[in-house]
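So the sequence shown is residues 1 to 144, counted in the UniProt record's numbering.
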Amino acid sequence: MPTKFMKLGFDEQVLRRLTNDSDGYVLEVGLNYYRGTPISAVERMELSVDGERVDDDRILVEINGKFLRLPQVPLAFTEYWGVKTPIHLHVTGEPLAAGEHDVDFVCEARVVYMQFAPGVYGMFDASASGTLTVAENPSTNSEN
1 MPTKFMKLGF
11 DEQVLRRLTN
21 DSDGYVLEVG
31 LNYYRGTPIS
41 AVERMELSVD
51 GERVDDDRIL
61 VEINGKFLRL
71 PQVPLAFTEY
81 WGVKTPIHLH
91 VTGEPLAAGE
101 HDVDFVCEAR
111 VVYMQFAPGV
121 YGMFDASASG
131 TLTVAENPST
141 NSEN
């Protein structure tokens, strides 16, 4: 059955680390694709933790030292998300409790070099799900 998205098998490289900070928590995210892409190619980005969708207005995307709100991501034409360089999702609010957390990250993006017609692009699915651990001591946060 045909699908709208290319999905590559690099899921284990996407959700890298979950840590608490004074303003909430931070998720380090790698790109589930075989090459980098302009961050402006991302058409959908969502985060859920422990089954609860995180409100978009609580998320700041950090890329190359710059901070973007989710609605700004499609406008960031000069920012490149490389396959070896993670982005960080800063979530404002209460830090997470120590222990394991189920994380679902949805990321769908255009393949900028695969245009089929004006405004019609191939798409790739860079989403991933997993269980990450937040340690009691922030210096020992780790991934499962």
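By construction, the Cβ of each residue, glycine as well, lies at the ideal position given by its N, Cα and C atoms.
{"Query": "Is it buried or exposed for GLY93, if we count other Cβ within 10 angstroms and need 16 for buried?", "Result": "exposed"}
{"Query": "Do the segment 97-105 and the segment 71-83 make contact, defined as three or more Cβ pairs closer than 8 Å?", "Result": "no"}
{"Query": "List in chain order: all unbroken beta strand (DSSP E) runs of 3+ residues lying wholly within the segment 94-123.", "Result": "99-117"}
{"Query": "Among the residues of its own chain, which have a CB less than 8 Å from the CB of residue 153, if the five just before and after it don't count?", "Result": "An answer regarding residue 153 cannot be provided, because it is not within the stretch 1 to 144 covered by the chain."}
{"Query": "With a Cβ-Cβ cutoff of 8 Å, do ALA126 and VAL49 count as a contact?", "Result": "no"}
{"Query": "Just confirm the distance between the C-beta atoms of LEU89 and VAL26, as a whole number of angstroms; I'd bet it's less than 8 Å.", "Result": "7 Å"}
{"Query": "Apart from the five residues just before and just after GLY51, which ones in its own chain have a Cβ nearer than 7 Å to its Cβ?", "Result": "ASP102"}
{"Query": "What whole-angstrom Cβ distance do GLU43 and ALA109 have, given they're in contact under 8 Å?", "Result": "6 Å"}
{"Query": "Could you spell out where the beta strand (DSSP E) holding ALA126 opens and where it closes?", "Result": "No beta strand (DSSP E) holds ALA126; DSSP gives it neither H nor E."}
{"Query": "What are the boundary residues of the beta strand (DSSP E) that PHE67 is part of?", "Result": "66-69"}
{"Query": "Are the CB atoms of TYR33 and PHE124 nearer to each other than 8 Å?", "Result": "yes"}
{"Query": "Taking only the alpha-carbon atoms, compute the straight-line gap between ASN20 and LEU96 and give it to the nearest angstrom.", "Result": "7 Å"}
{"Query": "Beta-carbon separation of VAL111 and ILE59 under 8 Å?", "Result": "no"}
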